[in-house]
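Trainee: Taking my numbering, the leading residue of the sequence shown gets 259, the next gets one more, and so forth.
Just so it is clear, CB atoms sit at the ideal spot from N, CA and C, and this is done for glycine as well.
Quantities reported herein were computed from a predicted structural model and do not represent experimental measurements.
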Amino acid sequence: MASPPPLPGPEVLLLEPRQLHDSRAVIEAVRAGKTVVVNLAAMASSHGQRLIDLACGGITAMDGQALRLADAVFLFAPALTSIHTP
Numbered sequence: 259m260a261s262p263p264p265l266p267g268p269e270v271l272l273l274e275p276r277q278l279h280d281s282r283a284v285i286e287a288v289r290a291g292k293t294v295v296v297n298l299a300a301m302a303s304s305h306g307q308r309l310i311d312l313a314c315g316g317i318t319a320m321d322g323q324a325l326r327l328a329d330a331v332f333l334f335a336p337a338l339t340s341i342h343t344p
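1) For glycine 322, count the other beta carbons within 10 Å of its own beta carbon; 16 or more makes it buried, fewer makes it exposed. Which is it?
2) Report the three-state DSSP secondary structure of threonine 318 (helix, strand or coil).
3) On a CA-only basis, which of Ala335, Leu327, Leu338, Phe334 is nearest proline 344? Give me that one, please.
4) Based on Cα-Cα distance, which residue from Ser303, Ala283, Ser304 lies nearest to valine 294?
5) Taking only the alpha-carbon atoms, compute the straight-line gap between alanine 209 and alanine 260 and give it to the nearest angstrom.
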């Protein structure tokens, strides 16, 4: 017997951007209601910082949230997402 399709619910998108213009994918995903985890390991640090600056600006304009999880890993979430840290 085949398993039923997954129920629609919150989505988390994992991105490993390689170019600066990939910041647009982060912003569009959050606009669509998805939480996005961005791993900058594949980018030069100067380009990674600029990408995060652009993404933070777009996310802030939508009242979203941004959180640094590790040195090169960031979380971006829509406005209605609750993020709790210990």
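Mentor: Let me spell this out:
1) buried
2) helix
3) Leu327
4) Ala283
5) No information on residue 209 is available, as it lies outside the stretch 259 to 344 that the chain covers here.
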